[in-house]
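Numbering of the sequence shown is given in the working numbering, commencing with residue 2 and proceeding in unit increments.
In what follows, a single structure is set out as structure tokens and then discussed.
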Amino acid sequence: MKKRRLGRTDVEVTPIGLGCMQFAGAGFYSLGFTPTTQDTVDSVVGAALDGGINWFDTAEAYGRGTSERSLTTALQRRDVEPGEVAIATKWMPFPRRAPNIGRTIDTRLSRLQGYPVDLYQIHLPVALSPISVQMREMARVLRAGKIRSIGVSNFSAHQMETASRALEREGIVLASNQVRINLLDRRIENNGLLEIARRLGVTLIAYSPLAQGLLTGRFHENPELLRALRPLRRMAGGYGRRRMARTAPLIDGLRAIGSAHGATPSQVALNWLVSYYGDTVVAIPGASKPRQAEESAGAMGFRLTEDELARLDQLSRTASAQHPAPAPDR
Ligand SMILES: NC(=O)c1ccc[n+]([C@@H]2O[C@H](COP(=O)([O-])OP(=O)(O)OC[C@H]3O[C@@H](n4cnc5c(N)ncnc54)[C@H](OP(=O)(O)O)[C@@H]3O)[C@@H](O)[C@H]2O)c1
2 MKKRRLGRTD
12 VEVTPIGLGC
22 MQFAGAGFYS
32 LGFTPTTQDT
42 VDSVVGAALD
52 GGINWFDTAE
62 AYGRGTSERS
72 LTTALQRRDV
82 EPGEVAIATK
92 WMPFPRRAPN
102 IGRTIDTRLS
112 RLQGYPVDLY
122 QIHLPVALSP
132 ISVQMREMAR
142 VLRAGKIRSI
152 GVSNFSAHQM
162 ETASRALERE
172 GIVLASNQVR
182 INLLDRRIEN
192 NGLLEIARRL
202 GVTLIAYSPL
212 AQGLLTGRFH
222 ENPELLRALR
232 PLRRMAGGYG
242 RRRMARTAPL
252 IDGLRAIGSA
262 HGATPSQVAL
272 NWLVSYYGDT
282 VVAIPGASKP
292 RQAEESAGAM
302 GFRLTEDELA
312 RLDQLSRTAS
322 AQHPAPAPDR
């Protein structure tokens, strides 16, 4: 699959990147994920690079810089030069005001150990300053050469448009909006996000593209695995018995279609996501094991037919009916 530009910027990314929330270490995120050691991070990042992934999504909030540092340590150990891959990170807006963006950017750069910020995102629409003021500050930081492009995350269609308009006044384009999108969560089709992203030329970055592992089929195959999940993940993940039953035909469909391509259910789910919406959507699956990153990268290695895309569209509509989506990661 060809690389795509993030919005109308010159940042080029593979349709699949690697989500690095799993590298957040101890603290809040360990309520959801078992903390990974640096050795594991090294092998996960190595598997992603070997599979052709060229970008990584991290955040200040992922262990207050722990993920940023672990990711870049792994890149250094692989002799990846700054600029050879793209790095997206995020500013944590709560409880902060816009000037904090400029005050803390050097800390982000120091956590990234010499790797540039190719995309800087506002993590959530909850800052104590209006969106237009946050964008003005982002523009200032960009003009100072500290970041390469600007994005947002968890912004509604209206908030995204406000951010885009504010940046336009500065002569800058909004690159992206990172939101939850997967075969079981297609709200972008009804809440205006997809339509407005296409109109504005903004890329939608799909987080939780595997519905936190549900779309891999591993919990359908072996429900006992659910017991091993950390409490927050089990609670927020939507793994109730009724939902597992309702999603089973989708998993069977992913498996059947995958067998025609020598692909796994997770690879078919990711391929659908970055194909069905054209170039507008890219995805950042997370991985806690190198095999998972390798598998995710492999999702870029085949092409689903129009019939297969349509079949998955149908199966996903039946599977996702009535399920309320879990809250964002913070
Ligand atoms: N902006 C936001 O508010 C926000 C919110 C959430 C996430 N994110 C970003 O999006 C990224 C991905 O989201 P996510 O981690 O929530 O969900 P996800 O990518 O849907 O799920 C990742 C989890 O699925 C399992 N998995 C992945 N590949 C697998 C495979 N091939 N076989 C079996 N299991 C597999 C792993 O679970 P185990 O670790 O249990 O094996 C992995 O930790 C994050 O890393 C983060 O960068 C952003």
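By construction, the Cβ of each residue, glycine as well, lies at the ideal position given by its N, Cα and C atoms.
If you're wondering where the values come from, they're calculated on a predicted model, not measured in any experiment.
Arg181 has Tyr208 as its beta-bridge partners, per DSSP.
In the DSSP assignment, no residue is bridged to Ser321. Annotation: the stretch 93-130 contains the following complete segments of the beta strand (DSSP E) (minimum length 3 residues), in chain order: 120-123. Our two residues, Gly64 and Gly115, have alpha carbons roughly 19 Å apart in a direct line. Taking Glu196 as the centre and dropping the five residues before and after it, the same chain places the C-beta of Ala158 closer than 8 Å to its C-beta, in chain order. In this structure, the alpha-carbon of Ser44 lies about 16 Å from that of Pro286. Of the other Cβ atoms in all chains shown, 16 or more fall within 10 Å of the Cβ of Asp119; this residue is therefore buried. When the alpha-carbon of Arg6 is set against those of Gly20, Gly52 and Trp56, the nearest one is in Trp56.
Relative to ligand 1, even the nearest heavy atom lies 8 Å or more away from the CB of Ala198.
Inter-segment contact for the stretch 165-185 and the stretch 124-140 is present: three or more beta-carbon pairs are separated by less than 8 Å. Between Leu50 and Val12 the beta-carbon gap is near 18 Å, outside 8 Å, which marks them as no contact.
For Asp43, the enclosing alpha helix (DSSP H) starts and ends at Gln39 to Asp51. Sorting Asp186, Arg141, Tyr121 and Gly66 by C-alpha distance to the C-alpha of Ala322 places Asp186 at the top.
Taken from the Cβ of Ala48, every heavy atom of ligand 1 lies 8 Å or farther away.
Val203 sits in coil when the DSSP states are folded into three classes, being neither helix nor strand. In this structure, ligand 1 has no non-hydrogen atom nearer than 8 Å to the beta-carbon of Lys147.
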